[in-house]
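First comes the structure, then the notes that go with it.
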Amino acid sequence: MLEKSDLEYEKVVLIGIVTRDQNEEKLTEYLDELEFLTYTAGGEVVKRFSQKMDMPNPKTFIGTGKMEEVRYFVEENEIGTAIFDDELSPAQQKNIEKILNCKVLDRTNLILDIFAQRATTSYARTQVELAQYQYLLPRLAGMWTHLERQRGGIGMRGPGETEIETDRRIVRDKISLLKKKLETIDKQMEVQRGNRGQLVRVALVGYTNVGKSTLMNVISKSKVFAENKLFATLDTTVRKVVIRNLPFLLTDTVGFIRKLPTQLVESFKSTLDEVREADLLLHVVDISHANFEDHIASVNQILAEIKSADKPTLMVFNKIDAYKAEKIEEDDLMTEKTSSHFTLEEWEKTWMNRLGDDVLFISALNKENLEEFRKKVYEAVRQIHITRFPYNNFLYPEYDTYGEEE
1 MLEKSDLEYE KVVLIGIVTR DQNEEKLTEY LDELEFLTYT AGGEVVKRFS
51 QKMDMPNPKT FIGTGKMEEV RYFVEENEIG TAIFDDELSP AQQKNIEKIL
101 NCKVLDRTNL ILDIFAQRAT TSYARTQVEL AQYQYLLPRL AGMWTHLERQ
151 RGGIGMRGPG ETEIETDRRI VRDKISLLKK KLETIDKQME VQRGNRGQLV
201 RVALVGYTNV GKSTLMNVIS KSKVFAENKL FATLDTTVRK VVIRNLPFLL
251 TDTVGFIRKL PTQLVESFKS TLDEVREADL LLHVVDISHA NFEDHIASVN
301 QILAEIKSAD KPTLMVFNKI DAYKAEKIEE DDLMTEKTSS HFTLEEWEKT
351 WMNRLGDDVL FISALNKENL EEFRKKVYEA VRQIHITRFP YNNFLYPEYD
401 TYGEEE
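Final position of the sequence shown in full-length UniProt numbering is 406; the numbers increase by one with none missing.
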């Protein structure tokens, strides 16, 4: 397995490109996210570089002139790592390392590094290890140059196996072994899920760092690790929660992110199984983030990929305490009003209005509107429960009725 990297605020530069499919605004947004990822991994971003290109350079990703500018800056400022926003091919990574003479990572490698730091249980570590080896396999030649030479000399002539082939075989064997190990654990977890009885299953889903774990802690009164960093949660946590007298299972899952490496989607299949088998989804959104609508689209895309887009869903807009609408001065006749100027009340009248009662605005940190949240979740879980067990209808009265009886 690749070693966990203890990065003590390494000096880092970020590199991205503006293409036909990705305008300057979108690139800035992606680089902001990449900077947060870098901070989470323990790096300090010193400078960002960007270039307009029709498509990435197949040899060095960016043009030769821009690469020379980056090389000069890296040398002058003793930069330890250059991080590219898109996935680099093994050849590109090798060529760039030769030019810059420093460590070169891409977004996938960075996310894998964070996952390696955050994985605590044996299962999460196995998942990350598998993803790392799958990423490593095509890059072996670039990582160890001595492996490119074939053994020769007396007694070594004739058909044989080069060192690179030997190492590839070792890595393939390791991948095969890890897949079998994961299959065994998946079966065990499937049995565990089956043993949870007939309780309604509710899953918290959403972009990374939107406050799912904080919400989980507030509702279930448990202590799930929560931090203002990306991917604070890797391991799926399941807790039994009771609202009034209605019990259900609440699952906290790994956060989604744009450009999520395919190796990780495959490796974290079991985590996504928790979402697949849930009866109700609580889609948590950080409404204070400028691009929260894009985050919703990214999560919905992954939910569609795992065939969970049609599940009953409550949209939970979290962090209302941190939401600040941009203001337009009264005498400003030039600035056009956009969604960034909307108040929360105005947002409620937009496309959110079409979602009807399935929308909530809360602050898990300050515990604002949590009573309304409990009521909505209770009613949604109750509806699923009494549909499954009609004779239990009288056991779980409507939320407001329950309050009157008390």
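We put the CB at the ideal spot given by N, CA and C, even for glycine.
Note that the structure is predicted; figures quoted are calculated from it, not measured.
Within 10 angstroms of the beta-carbon of residue 23 lie fewer than 16 other beta-carbons, which makes it exposed. Taking C-beta atoms as the reference points, residue 323 and residue 255 fail to come closer than 8 Å. In the three-state DSSP reduction, residue 207 falls in the strand class (E or B). For the pair residue 378 and residue 201, the Cα-to-Cα distance works out to about 12 Å. Three or more beta-carbon pairs drawn from the region 61–70 and the region 88–100 are found closer than 8 Å, and the two stretches are therefore classed as touching. If you check the CB distance, residue 67 and residue 17 do not come in under 8 Å.
Pairing residue 352 with residue 359, the inter-Cα distance amounts to about 7 Å. The region 249–325 is shown to contain whole alpha helix (DSSP H) runs of 4 or more residues at 262–267, 269–276 and 292–305, in chain order. Looking at the backbone, the Cα of residue 181 and that of residue 175 are separated by about 10 Å. Residue 288 has its alpha-carbon roughly 9 Å from the corresponding atom of residue 325.
Secondary structure note for residue 63: it is in no beta strand (DSSP E), with a DSSP letter that is neither H nor E.
For the options 187, 134 and 188, the alpha carbon positioned closest to that of residue 170 is the one of 134.
When 198, 285 and 32 are compared, the shortest CA-CA separation from residue 211 is found for 285. The beta carbon of residue 369 sits closer than 8 Å to the beta carbons of 320, 360, 361, 362 and 363 from its chain, once the five residues preceding and following it are set aside; these are given in chain order.
DSSP places residue 25 in the helix class (H, G or I) of the three-state scheme. Under the 10 Å beta carbon count, residue 31 is surrounded by 16 or more other beta carbons and is classified as buried. Counting only the Cα atoms, residue 219 lies some 22 Å from residue 311. The three-state secondary structure of residue 71, taken from DSSP, is helix. Residue 239 is positioned such that its CB atom lies closer than 8 Å to that of residue 250.
The C-beta distance from residue 272 to residue 306 rounds to 5 Å, short enough to meet the 8 Å contact threshold. With respect to residue 46, residue 70 sits apart: the two C-beta atoms are not nearer than 8 Å. In this structure, residue 44 places its C-beta atom within 8 Å of the C-beta atom of residue 10. Ranking 139, 76 and 203 by CA distance to the CA of residue 95 puts 139 first.
For residue 122, the enclosing alpha helix (DSSP H) covers residues 122–136. A distance below 8 Å between beta-carbons, with the five flanking residues on each side excluded, links residue 38 to the following residues of its chain, in chain order: 12, 14, 44, 45, 83 and 110.
According to the DSSP assignment, residue 112 belongs to the alpha helix (DSSP H) that extends over 107–118. Taking the C-beta atoms as reference points, residue 253 is found nearer than 8 Å to residue 205.
Among the bridge pairs identified by DSSP, residue 360 is matched with 316. In this structure, the straight-line span from the alpha carbon of residue 187 to that of residue 76 is close to 54 Å. The beta carbons of residue 355 and residue 315 sit about 6 Å from each other, so the pair counts as a contact at 8 Å. Closest option to residue 395, judged by alpha-carbon separation, among 298, 357, 244 and 258: 244.
Our two residues, residue 387 and residue 381, have alpha carbons roughly 10 Å apart in a direct line. The Cβ-Cβ distance between residue 168 and residue 137 falls below 8 Å. Residue 107 places its beta carbon less than 8 Å from that of residue 259.
The Cβ-Cβ distance between residue 116 and residue 132 falls below 8 Å. Judged by DSSP secondary structure, residue 83 falls within the beta strand (DSSP E) whose first and last residues are 81–84.
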